[in-house]
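Novice: For what it's worth, our numbering labels the leading residue of the sequence shown as 53, then goes sequentially.
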Amino acid sequence: MSLIERLHRHFLEVVKLELEGLGIHDINNVQGMMLFNIGDAEMTVGELTLRGCYLGSNVSYNVKKMVENGYLVQERSLHDRRSIRVRLTEKGSKLRDRVTVMLQRQLEMLPQAPISIDDLQAVGVTLRRLERFWIRASDLVQRPPQFAA
Numbered sequence: 053m054s055l056i057e058r059l060h061r062h063f064l065e066v067v068k069l070e071l072e073g074l075g076i077h078d079i080n081n082v083q084g085m086m087l088f089n090i091g092d093a094e095m096t097v098g099e100l101t102l103r104g105c106y107l108g109s110n111v112s113y114n115v116k117k118m119v120e121n122g123y124l125v126q127e128r129s130l131h132d133r134r135s136i137r138v139r140l141t142e143k144g145s146k147l148r149d150r151v152t153v154m155l156q157r158q159l160e161m162l163p164q165a166p167i168s169i170d171d172l173q174a175v176g177v178t179l180r181r182l183e184r185f186w187i188r189a190s191d192l193v194q195r196p197p198q199f200a201a
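#1: Can you name the residues that DSSP bridges to V125?
#2: Taking buried to mean at least 16 other C-beta atoms within 10 Å of its own C-beta, is N114 buried or exposed?
#3: By DSSP, does M95 sit in helix, in strand, or in coil?
#4: Below 8 Å, can you find three or more Cβ-Cβ pairs linking the segment 61-79 to the segment 98-106?
#5: Near R148, which residues of its chain fall below 7 Å by C-beta distance, leaving aside the five closest residues on each side in sequence?
#6: Cβ atoms of Y123 and I79: under 8 Å apart, would you say?
Take a look at the structure:
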């Protein structure tokens, strides 16, 4: 588990350095990746939490900051006034495109590392299996009586 956490931190550090290299200081690395994950979609904060594996309170804070800095537009849903939908602004789309270029550049650098596409695909398969395992395990865990339905 600590390896996955370290890999994630290293990846976010690369994103941070990329943003600094571009002279972008009004958004952080996590927010930059959130823009990438939103892409051309319009979604609720809850959907963003599920898709990007972000913690709920951090998503709300980060969405607020990105709205303040002009990267996102935030609108109430017409069908459910409690639900807030977000989408990228032009500024957000431009930064998302820059993050996409960075990720593509990293992908092109992979042949220089002792990592093959087959290696990455195998890791992906293994991580998806691990994810399914934990989902099933969490369903089987005995709930404390105070939380039982």
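Ideal Cβ placement from N, Cα and C applies to all residues, glycine included.
Specialist: With the structure as the only source:
#1: R139
#2: buried
#3: strand
#4: no
#5: L87, F88, G91 and L140
#6: yes
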